[in-house]
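First up is the structure itself, then whatever we jot down about it.
Number of protein chains: 4
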Amino acid sequence: MANSFGRIFKLTTFGESHGEALGGIIDGVPPGITIDFEAIQKEVERRKPGQSAIVTQRKETDTVQFLSGIFEGQTTGMPIGFQIANTNQKSADYAHNKDAFRPSHADYVYEKKYGIRDYRGGGRSSARETANWVVGGAIAKQLLKDITINAFVSSVGEIFIDKPYQALDFSKTESNDVRCPDQATAEKMEAHIREIRKQGDTIGGTITCVIQNVPVGLGEPVFDKLHAALGQAMLSINAVHGFEYGSGFCGAKMKGSEHNDLFNPDGTTQSNLSGGIQGGISNGMDIYFRVAFKPVATIMLTQQTIDNQGNIVEMQGKGRHDPCVVPRAVPIVEAMAAMVLADFYLINKIYK
Amino acid sequence: MANSFGRIFKLTTFGESHGEALGGIIDGVPPGITIDFEAIQKEVERRKPGQSAIVTQRKETDTVQFLSGIFEGQTTGMPIGFQIANTNQKSADYAHNKDAFRPSHADYVYEKKYGIRDYRGGGRSSARETANWVVGGAIAKQLLKDITINAFVSSVGEIFIDKPYQALDFSKTESNDVRCPDQATAEKMEAHIREIRKQGDTIGGTITCVIQNVPVGLGEPVFDKLHAALGQAMLSINAVHGFEYGSGFCGAKMKGSEHNDLFNPDGTTQSNLSGGIQGGISNGMDIYFRVAFKPVATIMLTQQTIDNQGNIVEMQGKGRHDPCVVPRAVPIVEAMAAMVLADFYLINKIYK
Amino acid sequence: MANSFGRIFKLTTFGESHGEALGGIIDGVPPGITIDFEAIQKEVERRKPGQSAIVTQRKETDTVQFLSGIFEGQTTGMPIGFQIANTNQKSADYAHNKDAFRPSHADYVYEKKYGIRDYRGGGRSSARETANWVVGGAIAKQLLKDITINAFVSSVGEIFIDKPYQALDFSKTESNDVRCPDQATAEKMEAHIREIRKQGDTIGGTITCVIQNVPVGLGEPVFDKLHAALGQAMLSINAVHGFEYGSGFCGAKMKGSEHNDLFNPDGTTQSNLSGGIQGGISNGMDIYFRVAFKPVATIMLTQQTIDNQGNIVEMQGKGRHDPCVVPRAVPIVEAMAAMVLADFYLINKIYK
Amino acid sequence: MANSFGRIFKLTTFGESHGEALGGIIDGVPPGITIDFEAIQKEVERRKPGQSAIVTQRKETDTVQFLSGIFEGQTTGMPIGFQIANTNQKSADYAHNKDAFRPSHADYVYEKKYGIRDYRGGGRSSARETANWVVGGAIAKQLLKDITINAFVSSVGEIFIDKPYQALDFSKTESNDVRCPDQATAEKMEAHIREIRKQGDTIGGTITCVIQNVPVGLGEPVFDKLHAALGQAMLSINAVHGFEYGSGFCGAKMKGSEHNDLFNPDGTTQSNLSGGIQGGISNGMDIYFRVAFKPVATIMLTQQTIDNQGNIVEMQGKGRHDPCVVPRAVPIVEAMAAMVLADFYLINKIYK
């Protein structure tokens, strides 16, 4: 129950950061979709650690192996089983965690809830799990075809893009290490992350995601609102503490006369503070939302914490961690958005 | 599927704003809970229109009638069916909506998706539906006993409480019409809402919710994170455009060394930027989150819109609508939070 | 969870036999279906007690009141709430059950599981609940249009129809009280039921159901096999102890060379021992199955039983009960079959 | 959706008979269970082809590899991912199936439903999938501890055990190839299967399953009746055409006065025609049921069939198939029963 995502397009996953492998089963993929395996592997590589100087230097090979559901290059309608081997586990890096609880990690609540913990790493709480999501999202993207999903880093710490997304060229997102399509801002962000890393510290940030070419009618008016599903999907990503769509928190300061999106005769709207969703249902305009990530909890500075006897102990981050998580989270945001859209797209066929 | 909420503690609802009745079925309530019917009715009254000068003057009697699942004052473990009659429908107020689509309402997407629409009101998109949720939430509160849930209006337009929630006395929330526990701020908010109403306009706002006495261990590390479920629940409420918990969007600007919550020897934490949830699992500290509401779309000013032929027509809000939705949304936020907590509490029994 | 049936076409119900009302919510009904209310009421009347001399003389008015989801005679795609008042409760008939457990009823397990019991009747275990199912099934039938579902009594005690269903005229089923389309057999069954009743006893029987005009492709090959869903649906009906489809238990005695259904060039099969389903998926041939009902547990004879202190007490059935349940169960079998088919039909649209 | 089984204890599977591997994810297993890997492997071996002279001589190594959810020999509460490599695929055996549809197999409906088919074998319709179920069931058995589940072959063709199960010694089931605990009957069954095989034909049979030491209270009174879930589970097994529990189809011929199970003062019953379940809820008595298997469709005799152009073609079974499926289905019946019980056992904790 707790390890499945989606209703019709459904991803079920397994795997701890330091186990033999992770993987999953993608159910509900219609038959007859020609799979572009390179595109999937490329998405996985985008998420992978060790891609650039500003992310963790930990190496993960992350080769996706498909085990079922695809025959002669096409989906068969059967569940797609896949697996990613854990080839570069360095459990030794985590040995110091066996008895102590890392601050603002899930170690403490894990031990209290389950009474047992794979202390070699974060277990299921590790962001390693998100590699599975990226595979699911890559398949979802191939199913959605006409719908485009573009996420990018919109802020790092206090540095942010001060342009509307319409002024950005999404094709530039991958042209820099920070995954910010505005090159001038990207450079500032990168310099800031390098500085933070030198301090042994970490920094938060936000990601904005824009979904275009969505047909009218995805979502339901009560408990399956499209934006509520997107919100839940984003809040499922490690380190996320906030979600807003359309006018978001700014909308809470506005008047109705300013906020209403007036119609054009063709049903499009002149403004789009609704963020492409009205009453929980897509209206055909761009869907856009913003996701807030707290700073990574593992820092290289010494912190006080407790061990499982309640003694105060000192702890210092070891291993290879990200000073800022948002650049690597961009493909994860896209993947989760793609899976939500695929699920709503398939469910909506029932009304055709 | 689209009209059920929860996994074990599950509310399924029906009813349009202008039909005969609304109601629901609450499944998964354990047997042997003594029901306080007055407490339920009181919650429903808090949500009801027409309570004060700053909310809509529309009258709804909203008497909850229970039809099953309670015997001699106690729950039996059987589904609780309930119903609220629609006694004060004024469909005439909506006749002008038959052919025209109200801006930033769901009328347009409804017609495109379903091809048919109960134009007498907002149908299932109407906030009238939330009366059902308040009933579900009131039962959930009685199940949770020790856990307290306090929501309050934290901002209206640009006016906000500039104190941490720890400095507030929640018992004051109901002492003013705007449901803001800080009396001085409440007065400013009220004056502002009156002014906005005079203009025929509406205004957005935010609600903060604090959940206390939560046991350690509610939530799962991957797809059933407690905060993701709370986020989805809040984003299901009409007009909500944003959700943040703990440090929220502010956390995205912080450093790890500032953000980490260091442990006390007893497992509590010195700070609580995590908002009572770590890795998706409650850690026993206060859970708190903030919800952003856009301004109500129905304004008394004249707006241009289109009819179902694509012709531009003029439209002016009629009927009795809220100039600001947040005061009445306070019990709704609490109800949705209570249902999420009840569901996670029951699911967690499997680990005992 | 325990009170919902179906995935997309989903019925959720509430109500005890002696509460104020029963009712339900039908979710997942597509918009634009013109509802024939008379046809629904007629189905409910078929299930009703007191229709003939061979069933219980208990009177239930059973008028279905629809509360939502239907506008100007058409479904809107919104959940259909409905209710049936309990107008003829005679709780006094059950007062003797308060402390004693009726043999082969659910009283004992109820008390052990829930610790509380609405002793005025069978509670949720009462067959009164099936009135809700008949409403759901009647809506499902209207959605399925071309698919016909015909159930009939195929045996009572040792008396059975000794013809294949193809030799029967289903339009005769309603022409006698026992709902057996073979008039000669019907008369024997009726006489037998009268005899059994005179003895103060009850008798079991079987119902056969034939579903025709089913499109090829409903069902899934692994855990959503169409016949497994039909089996679960039938085993959910009170008093059912067995289910077989196609060749059923007889098939277990056959050889493969006798059992295989050879194809005609058009994809139909020469024989149909598969019962219209191969590998869990409908193949377009008639689906047929048989359901075994044990004799009603409430008899008018004196039986020994225990009270809730474990004392042996004597008990005699009071009130108005059926000597044979199968005539009234015919519309229930059809209703459950219709809901399964509707659900699979809607899910299958995802492959279109 | 279609590839998951269970609500809390939930198995999700993937894999075709001739793909790289099959496997699954078992979710909902509580933490702290010490896993006996040998016991799991032993169950898988019981299901494996090639064990004796009367089953298919096809060899499958079937080594289960666990990938997650178990740490230092104990379950962690995290999903258990596992995999079984397909090491002995002989696709060539199936090449003749590419264009032709085998009678009474799923080939035809597959092609009509999905438009694409892995013609190298039965795909997901192959009984190879059941190896996954046996793994899930073996874990479920270890969770259930005190509950014992014993299935055995009760008939092959016309040959059946003519004793009540109470007269059998279940420890003898594995002592003969046919898995019938009555040695004299077993020998007759074996001789019959050898004869059938010589004819190039196949034969059906039944399996009886007895579940003992079940606590009172598993199951729900309406849509989650324990026997309905068992029925659905059994009807999900390949080739199953019937299910009956307790008195089953015989009960349909009985009178209430014969059928009622009278109570002993301790709440046990003198007879047990209810089959350990009353009103859908376990009453602590033995649960027993019987499952009917049709004869295997693949025979070594020449049959007429059609190709995908609708031409009549001749076909003869090749490869290594079972002349009678019931001996190998015994562990599958037990596995499915175990998963149902584990699921209901965990769900029931919510009432504690």
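Chains as they are written, first to last, in the working numbering: chain U, 1 to 352; chain Y, 1001 to 1352; chain G, 2001 to 2352; chain A, 3001 to 3352. Note that the Cβ used here is the ideal one computed from N, Cα and C, for glycine as well.
Contacts of residue i in chain U (Cβ-Cβ under 8 Å)
| i | result |
| --- | --- |
| Lys2352(G) | Lys349 and Lys352 |
| Arg3102(A) | Chain U residues near Arg3102(A): none, gap ~18 Å exceeds 8 Å. |
| Gln1166(Y) | Chain U residues near Gln1166(Y): none, gap ~19 Å exceeds 8 Å. |
| Gln988(Y) | Here chain Y has residues from 1001 to 1352 only, and residue 988(Y) is not among them. |
Neighbouring residues, chain G, relative to residue i (Cβ below 7 Å)
| i | result |
| --- | --- |
| Glu1111(Y) | Here the premise fails: no neighbours, minimum Cβ distance about 10 Å. |
| Tyr3245(A) | His2241 |
Where the alpha helix (DSSP H) containing residue i begins and where it ends
| i | result |
| --- | --- |
| Thr3302(A) | No alpha helix (DSSP H) contains Thr3302(A), which is instead part of the beta strand (DSSP E) from Thr3302 to Asp3307. |
| Asn272(U) | Looking at the DSSP string, Asn272(U) is not in any alpha helix (DSSP H), and its letter there is neither H nor E. |
| Gly1217(Y) | From DSSP, Gly1217(Y) is part of no alpha helix (DSSP H); its letter is neither H nor E. |
| Arg328(U) | Val326 to Asn348 |
| Gln142(U) | Thr130 to Leu144 |
| Glu3187(A) | Gln3183 to Lys3198 |
| Gly2073(G) | Gly2073(G) -> no alpha helix (DSSP H), and no H or E assigned at all. |
| Gly3023(A) | From DSSP, Gly3023(A) is part of no alpha helix (DSSP H) but of the beta strand (DSSP E) over Ala3021 to Asp3027. |
| Gln2232(G) | Leu2226 to Leu2235 |
Per-residue contacts from residue i into chain Y (C-beta, under 7 Å)
| i | result |
| --- | --- |
| Ile3147(A) | In chain order: nothing, as chain Y lies at least about 17 Å away. |
Length of the line joining the Cα atoms of residue i and residue j
| i | j | result |
| --- | --- | --- |
| Gln2051(G) | Val2156(G) | 18 Å |
| His1241(Y) | Val3222(A) | 39 Å |
| Gly3317(A) | Met2285(G) | 24 Å |
| Ala2342(G) | Gly77(U) | 21 Å |
| Asn2150(G) | Ser3236(A) | 24 Å |
| Asn3213(A) | Asp3201(A) | 40 Å |
Residue range of the beta strand (DSSP E) that includes residue i
| i | result |
| --- | --- |
| Ile3080(A) | Ile3080 to Ala3085 |
| His3105(A) | Run containing His3105(A): none; DSSP gives neither H nor E here. |
| Met315(U) | Ile312 to Gln316 |
| His1241(Y) | Val1240 to Tyr1245 |
| Lys3042(A) | Element bounds for Lys3042(A): not the beta strand (DSSP E) but the alpha helix (DSSP H), Phe3037 to Arg3047. |
Contact belief for residue i with residue j at Cβ below 8 Å, rounded distance in angstroms
| i | j | result |
| --- | --- | --- |
| Val1029(Y) | Ile1139(Y) | 6 Å |
| Ser3104(A) | Ser2171(G) | No, Ser3104(A) and Ser2171(G) are not in contact; Cβ-Cβ is about 32 Å, not under 8 Å. |
| Gly279(U) | Tyr288(U) | The Cβ separation is near 17 Å, so there is no contact. |
| Val2153(G) | Asp2322(G) | Between Asp2322(G) and Val2153(G) the Cβ distance is about 13 Å, and since that is not below 8 Å, they are no contact. |
Chain-ordered chain A contacts of residue i [CB-CB under 9 Å]
| i | result |
| --- | --- |
| Pro1030(Y) | Ile3350 and Tyr3351 |
| Asn2272(G) | Ordered by position in chain A, no residue passes the 9 Å Cβ test against Asn2272(G), which lies about 10 Å from the chain. |
Neighbour list for residue i in chain A, Cβ cutoff strictly below 8 Å
| i | result |
| --- | --- |
| Ser68(U) | Phe3014, Gly3015, Glu3016, Gly3019, Glu3020, Ala3021 and Leu3022 |
| Leu1346(Y) | Ile3350 |
| Thr2305(G) | Leu3262 and Phe3263 |
Contact set between residue i and chain Y, taken where Cβ atoms lie within less than 9 Å
| i | result |
| --- | --- |
| Tyr2114(G) | Pro1030, Pro1031, Gly1032, Thr1076, Gly1077 and Met1078 |
Interface residues of chain U facing residue i [CB-CB closer than 7 Å]
| i | result |
| --- | --- |
| Lys1253(Y) | Gly157, Glu158 and Gly204 |
| Ile2008(G) | Ile350 |
| Ser1175(Y) | Per Cβ cutoff of 7 Å: no residues; Ser1175(Y) is ~23 Å from chain U at best. |
Beta-carbon neighbours of residue i, restricted to chain G and to distances below 9 Å
| i | result |
| --- | --- |
| His3192(A) | Within chain G, no residue comes near His3192(A); the closest Cβ sits about 11 Å away, beyond 9 Å. |
Q: Count the CB pairs spanning the stretch 3008 to 3019 of chain A and the stretch 61 to 78 of chain U that are closer than 8 Å, and state whether there are at least three.
A: yes
Q) Do three or more CB pairs link the stretch 1216 to 1228 of chain Y to the stretch 212 to 219 of chain U at distances below 8 Å? A) no
(Q) Three or more C-beta pairs under 8 Å: does that hold for the stretch 291 to 309 of chain U against the stretch 97 to 106 of chain U? (A) yes
Q. Should the stretch 3339 to 3352 of chain A be regarded as contacting the stretch 3246 to 3264 of chain A, the criterion being three or more beta carbon pairs within less than 8 Å?
A. no
Q. Three or more C-beta pairs closer than 8 Å, one from the stretch 3030 to 3050 of chain A and one from the stretch 3317 to 3331 of chain A: is that the case here?
A. yes
Q: Tell me, please, whether the stretch 3286 to 3305 of chain A touches the stretch 2250 to 2265 of chain G by the rule of three or more beta-carbon pairs shorter than 8 Å.
A: yes
Q) Counting Cβ pairs closer than 8 Å, one from the stretch 3038 to 3045 of chain A and one from the stretch 3124 to 3138 of chain A, do we hit at least three? A) With a cut-off of 8 Å, the stretch 3124 to 3138 of chain A and the stretch 3038 to 3045 of chain A count as touching, because enough Cβ pairs lie within range.
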